[in-house]
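Input: a single structure, listed below in structure tokens.
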Amino acid sequence: EDRRKLLETALEFEEDTILFYELLGTFMGEEESLQGLQKIIEEEKRHVRKLKDTLEDSDER
Numbered sequence: 434e435d436r437r438k439l440l441e442t443a444l445e446f447e448e449d450t451i452l453f454y455e456l457l458g459t460f461m462g463e464e465e466s467l468q469g470l471q472k473i474i475e476e477e478k479r480h481v482r483k484l485k486d487t488l489e490d491s492d493e494r
């Protein structure tokens with residue numbers, strides 16, 4: 434139960450982080466900076482997928 438709560442909290446944090454970076458991108462004008470930010474967002478999305486997979490795996494046990 435504690436592990437699940439930790440994973441859920443981490444998932445929420447990652448999703449909030451993605452929203453923050455997407456919002457930040459609306460204020461950036463340089464293409465190079467936007468590309469770098471997009472790479473960070475994609476990495477955060479990979480974290481979300483991993484956390485969701487881990488949660489699903491723990492549900493199956």
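Per the working numbering, the sequence shown starts with residue 434, numbered consecutively. Virtual Cβ for every residue (Gly too), placed ideally from N, Cα, C.
Run of the alpha helix (DSSP H) containing residue i, from where it starts to where it stops
i	result
Phe446	435-458
Lys469	The question names Lys, but residue 469 in the sequence shown is Gly. That run of the alpha helix (DSSP H) goes 464-493.
Spatial distance of residue i from residue j (CA atoms)
i	j	result
Arg387	Arg436	In the structure as shown, the chain starts at 434 and stops at 494, and residue 387 therefore has no counterpart that could be examined.
Val481	Gln468	20 Å
Ser491	Glu434	10 Å
Glu463	Leu456	15 Å
Whole-Å CB distance - residue i paired with residue j, under 8 Å assumed
i	j	result
Leu444	Lys485	7 Å
Close beta carbons around residue i, own chain, < 8 Å, minus the five adjacent residues each side
i	result
Glu465	none
Tyr454	Leu470, Ile473, Ile474, Glu477
Leu488	Arg437, Leu440, Glu441, Leu444
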